[in-house]
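Student: These protein sequence lines are chains P, F and G, in that order. Letter 256 of the first sequence, counting from 1, is numbered 256 in the numbering used here, and no numbers are missing. Numbers given in the numbering used here equal positions in the second sequence, counted from 1, plus 1000. Numbers given in the numbering used here equal positions in the third sequence, counted from 1, plus 2000. This structure is in structure tokens; I'll ask about it shortly.
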Amino acid sequence: MRHLLSVTDLDAAAATGLLDTADRLKQALLGREVRKLPTLRGRTVITMFYENSTRTRVSFEIAGKWMSADTVNVSASGSSVAKGESLRDTALTLSAMGADCVIVRHPASGAAHRLAAWADRDAGTTGTRTSIVNAGDGTHEHPTQALLDAATLRDRLGSVAGRRIGIVGDVLHSRVARSNVFLLATLGAEVVLVAPPTLLPVGVAEWPCRVSHELDAELPALDAVMMLRVQAERMHGAFFPSSREYAVRFGLSDERAALLPEHAVVLHPGPMVRGMEIAPSVADSARSAILAQVANGVHVRMAVLYHLLAGAPE
Amino acid sequence: MNLLITDARPYGEDAVDLVVRDGVVTEIGSGLAAPEGADRLDAGGRVLLPGFVDLHTHLREPGGEESETIATGSAAAALGGFTAVFAMPNTDPVADTDVVVEHVHRRGAEVGLVDVHPVGAVTVGLEGRKLAELGTMAHSRAQVRMFSDDGRCVHDPLIMRRALEYASSLDVVIAQHAEDHRLTAGAQAHEGVVASRLGLAGWPAAAEETIVARDCALARDAGAASNGRLRAGASMLHVCHVSSARTIAVLRAAKAAGIRVTAEVTPHHLLLTDASLTSYDPVHKVNPPLRTAADTRAMREALTEGVIDAVATDHAPHAAQYKDTEWSAARPGMLGLQTALSVLVHTMVEPGLLDWHGVARVLSERPAEIGNLPDQGRPIAVGEPATFALVDPDEVWTVRGARLASRASNTPYEGMRLPATVVATVLRGRITARDGKVQQ
Amino acid sequence: MATERRGDSAGAAAPDRELLTAADVTRTIARIAHQIIEKTAFEPDRADDVVLIGIPTGGAVLARRLAAAIAEFTGTAPAVGAVDPTLYRDDLRRKPARALEDTAVPEGGLDDRLVVLVDDVLYSGRTVRAALDALNDHGRPRAVQLAVLVDRGHRELPIRPDYVGKNVPTSRDEQIVVLLAELDGRDGVALRRAAGA
């Protein structure tokens, strides 16, 4: 595996392998005082974030540091990017400095793909073979989020295959939804998307999942429900009449949470808007696995870095 | 210009020799003798067609010379078999006055490889608010025959109606880039399965079809008001780069109702689909976007049927810095002049949808009629101008952007093997391109 | 060092030479268990003092068997665990990223305890070196001893076992195949010549 750009790069065996590695890394670190593994000593990992994000960036940084890699953070503002340097030139510069891995978050869908194409093309010139990890590209994908969601589901439900997972909310603008639909399908889960028609992409009928507009009807049969944030900053036009109407029809209130089966789990990729898509009491309830998602995020990202950087270069 | 062409097959029919004196065909027969001081062109049994006319080219000069100039664009045109091109006005400054169009016209004549006909803007600055001085441009030395805001849609129906009415008194055609910008705000790719999977905002087919339907109604009213003053074969409203199957239905109905509307399709919309987008390589980014296989099939059928009148390249060169970026930051557009014939042969001639007469019709005759060029798109006959493209239908070539004559290299066909090459181009008896090199 | 788990000799030049039968393996494990009891002065009321840590996968199985044997002979089992040394290997970059194995440190950790590291085959010593580094990050044992079922020689580091089931001199193109019932359906140790060697 040279890059991680999309969950469709992973077949069931590869995805399961990553989740197993994440589990074993969690075991290896359990109970230790010294939370450090020497495995990626001497590797240089750079996070390049063109969009604000604390949780994902810190998660990757910790993952790198716990594996003894040298991690450096670059954020778009206040850097050469703000002076007009192109994405291509920024990437080339980092490669030339010897970055073994660049973890990128960018508002343009496909940015990670382009970086990977340039990295492969430039390897001869810069002398470094740089791996690219997609930490979120526009509205396209966020592969490590889907992996940590799958890891959390595995922990809480015992398995992903054959489970029924609901993903609720702004699917149209959600890279998390896209990555989850395709990864969960690869792992053998049944996925249903629940959203108003205006928040579902044209072409969703071709995705490996069902579509529904009625949350109440779906909840009783779900093993897990994933609530998405309504992304005000990505919208150009009127997708629903008001926040209140959205919360009433698609929010996970206490009453709705009671419709879920006993064992069902509630997930949210964060950050949450309490009271909009999820009631505060539901977010803090025993069935919420939201904090587990965050913890798993570090191990999953360590597993990704391990598989990209620890073994022989491809 | 005197010229002897031997062993050529006009429209792929039987081989003949042609004698050209002072740029006009004076004899067609066999075993003909060369006139004094004549150039020689041995066609070796290849197909002779009237020189191609491109109704839609971007030469980028003035203002965008890093991507293309009138000189490099003319070279690409001549090498592609074109003897006339219509240069779109979205330059910098915009071609919305006689000063700019005359500059483009004069520069084209200086380069002398192809007849450059500047297209004038419909509205000042392409802003869609105020009609540009269409009459002044039409009567200038550039003799503008076509007006367009290409790149932008003439959005306001009142402005479009006035433009059509005014145009009818000038014997010029208004060419519309049909795109309702309010439906395509932020759009990056055809609205469909591929775009939804790739996380690219969609450009719905309805954005094209609704503007075409509206404009046909406006053209109907303007046409009725003009009381049949239009020249035969002329058009009031020309629809640029049709891309969607749904638009075809609108055009068919409009033509059946007698509305004087014509339409063009690009070679890339005959061949390429949004399946190419999965690598996110912006070389495939174009406006209107690449659509589905069903749309390309509909374009081919419409071209055979004549609902789409002509092939026009929408040749849109972009320097590397505008294309070597992430998708959303890249400028839309593809090169087209040197690959147009090959793609047309590949998509239409090889499957038997079009013969060489058909190629002449869509690449030369109809564009010349629509663009009102009396000395282009003429039959290959005695007394007609010797303006030709000589085509080798059997040769196969590999497209390499770096080796094309354009300044930029953004071709979506990079590395593809395509059929048919242009062996020579003749403009009023003067050979402008021969064996892959321009002749100045 | 973890070796091949499957005992099939498809493609091998010559059939495997049996070194230990199933009965031999059981006897050998019992003998090592007695040696551990003696050398560590293992006593039931201070059983906490000794921890057996196996190197997956074969060493982890052996560690559990040794603990069971010690329990049989003394009435109490020492704590058992496993530590996967993969993340500490010095040769990771030579092959594509390896799958990781389980790590389970017994309750109470390793501080001040006597750790007996258990593996099936001792060869270059590099696996044991990696395991020692892994142990180090989990705590500070007061001592570490090494028990192996087979020592095949060719050490590349200054590492020596405290308990050896069988010393088998080998050449580099040979392989020691260890079979354990829990993993392979039967017990046994064989010597295999590499195919075409």
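No residue lacks a Cβ here, since even glycine has one placed at the ideal position from N, Cα and C.
Report back the beta-carbon spacing between residue 123/P and residue 114/P to the nearest angstrom; my notes put them in contact at under 8 Å.
Tutor: Between residue 114/P and residue 123/P the Cβ distance is about 15 Å, and since that is not below 8 Å, they are no contact.
Student: In this structure, how does DSSP classify residue 1084/F when only helix, strand and coil are distinguished?
Tutor: Correct three-state label for residue 1084/F: strand.
Student: With C-beta atoms as the reference, is residue 169/P less than 8 Å away from residue 60/P?
Tutor: No, these two residues do not count as a Cβ contact at 8 Å.
Student: Nearest-angstrom Cα distance between residue 1221/F and residue 1185/F?
Tutor: Approximately 30 Å between the Cα atoms of the pair.
Student: For residue 32/P, which option in 2121/G, 2153/G, 2109/G has the closest C-alpha, if you only look at C-alpha atoms?
Tutor: Comparing Cα positions, the closest option is 2109/G.
Student: Output the boundary residues of the alpha helix (DSSP H) element that contains residue 115/P.
Tutor: Where residue 115/P is concerned, the enclosing alpha helix (DSSP H) stretches over 111-126.
Student: If the cut is a Cβ gap below 9 Å, which residues of chain P does residue 1016/F touch?
Tutor: Here the premise fails: no neighbours, minimum Cβ distance about 51 Å.
Student: Using a threshold of 8 Å, state whether the C-beta atoms of residue 2149/G and residue 2115/G are closer than that.
Tutor: Result no, Cβ atoms of residue 2149/G and residue 2115/G do not sit closer than 8 Å.
Student: How is the alpha helix (DSSP H) around residue 67/P delimited, first residue to last?
Tutor: Where residue 67/P is concerned, there is no enclosing alpha helix (DSSP H), given that its DSSP letter is neither H nor E.
Student: Suppose the cutoff is 7 Å on Cβ atoms and the five residues either side in sequence are ignored; what does the same chain contact list for residue 1332/F look like?
Tutor: So the qualifying residues of the chain are 1285, 1286, 1287.
Student: Can you list the residues of chain F that residue 87/P reaches, using a CB-CB cut of under 8 Å?
Tutor: Within chain F, the residues near residue 87/P are 1325, 1326, 1329.
Student: Report back the beta-carbon spacing between residue 1236/F and residue 1168/F to the nearest angstrom; my notes put them in contact at under 8 Å.
Tutor: Rounded, the Cβ-Cβ distance is 6 Å, consistent with contact.
Student: Throw me the rounded Cβ distance for the residue 1164/F and residue 1218/F pair, which I believe falls under 8 Å.
Tutor: The pair is a contact, with the Cβ atoms about 6 Å apart (cut-off 8 Å).
Student: Name the DSSP bridge partner or partners of residue 166/P?
Tutor: DSSP, once it has assigned bridges, lists 192/P, 225/P as partnering residue 166/P.
Student: Do residue 1008/F and residue 1043/F have their beta-carbon atoms positioned less than 8 Å apart in this structure?
Tutor: In this structure, residue 1008/F lies closer than 8 Å to residue 1043/F by Cβ.
Student: Using a Cβ cut-off of 7 Å, pull out every chain F residue sitting near residue 201/P, in sequence order please.
Tutor: By Cβ distance, chain F contributes 1196.
Student: For residue 2072/G, does the three-state DSSP call read helix, strand or coil?
Tutor: DSSP places residue 2072/G in helix when its eight states are reduced to three.
Student: Note down, in chain order, every chain G residue with its Cβ under 9 Å from the Cβ of residue 213/P.
Tutor: Going along chain G, no residue has its Cβ under 9 Å from residue 213/P, so there is no contact; the nearest lies around 43 Å.
Student: Between which residues of its own chain and residue 1050/F is the CB-CB distance below 7 Å, once the five residues before and five after are set aside?
Tutor: Cβ neighbours of residue 1050/F beyond the five flanking positions: 1360, 1364, 1365, 1377, 1378, 1380, 1387, 1388.
Student: By Cβ distance, which residues of its chain are closer than 6 Å to residue 247/P, with the 5 residues on each side in sequence left out?
Tutor: Correct list, in chain order: 276.
Student: Pick out whichever of 1054/F, 1095/F, 1200/F, 1052/F has its Cα sitting closest to the Cα of residue 1142/F.
Tutor: Comparing Cα positions, the closest option is 1095/F.
Student: Using C-beta distances below 6 Å, list every residue in its chain close to residue 1108/F, excluding the 5 sequence neighbours before and after it, in chain order.
Tutor: Once the five neighbours on either side are set aside, the close Cβ partners of residue 1108/F are 1070, 1116.
Student: Return the chain-ordered ranges of every alpha helix (DSSP H) run that is complete within the segment 1119-1183 of chain F and spans a minimum of 4 residues.
Tutor: Those alpha helix (DSSP H) runs which fall completely within the segment 1119-1183 of chain F and span 4+ residues are 1134-1138, 1157-1168.
Student: Kindly list, in the order they appear in chain F, the residues whose Cβ is closer than 7 Å to that of residue 206/P.
Tutor: Result: 1193.
Student: So with CB distances below 8 Å, who are the chain G contacts of residue 24/P?
Tutor: By Cβ distance, chain G contributes 2084, 2100, 2101, 2102, 2103.
Student: Since residue 1383/F and residue 1025/F should fall inside the 8 Å C-beta cutoff, what is the C-beta to C-beta distance between them, to a whole number of angstroms?
Tutor: At roughly 7 Å, the Cβ-Cβ gap stays under 8 Å, so residue 1383/F and residue 1025/F are in contact.
Student: Does the structure place the segment 1031-1048 of chain F close enough to the segment 1411-1419 of chain F that three or more beta carbon pairs sit under 8 Å?
Tutor: The segment 1411-1419 of chain F is not in contact with the segment 1031-1048 of chain F.
Student: Applying the 10 Å Cβ sphere with the 16-neighbour rule, what's the burial state of residue 97/P?
Tutor: When all chains shown are included, residue 97/P counts as exposed.
Student: Would you mind stating whether residue 2211/G and residue 2152/G have Cβ atoms separated by less than 8 Å?
Tutor: Not covered by the structure: residue 2211/G. The range shown for chain G is 2001 to 2197.
Student: Buried or exposed for residue 236/P, please, with buried defined as at least 16 other CB atoms from any protein chain shown within 10 angstroms of its CB.
Tutor: Unreliable positioning characterises residue 236/P in this predicted model, as indicated by a pLDDT of 47, which lies under 50. The coordinate reading is nonetheless provided below. Flag for residue 236/P reads exposed.
Student: Residues of chain P with CB closer than 9 Å to the CB of residue 1202/F, please, in chain order.
Tutor: By Cβ distance, chain P contributes 201, 202, 203.
Student: Quick check: the Cα distance between residue 1245/F and residue 1154/F, rounded to an integer number of angstroms?
Tutor: Approximately 22 Å, taken between the alpha carbons.
Student: Determine the direct distance from the alpha carbon of residue 148/P to that of residue 285/P, and round the result to whole angstroms.
Tutor: Using only the alpha carbons, I get a separation of about 20 Å.
Student: Could you give the residue range of the alpha helix (DSSP H) that holds residue 1369/F?
Tutor: Start and end: 1366-1370.
Student: Helix, strand or coil: which one does DSSP assign to residue 2124/G?
Tutor: Reduced to three states, the DSSP call for residue 2124/G is coil.
Student: Could you pull the DSSP bridge partners for residue 2036/G from this structure?
Tutor: Paired residues: none, contrary to the question.
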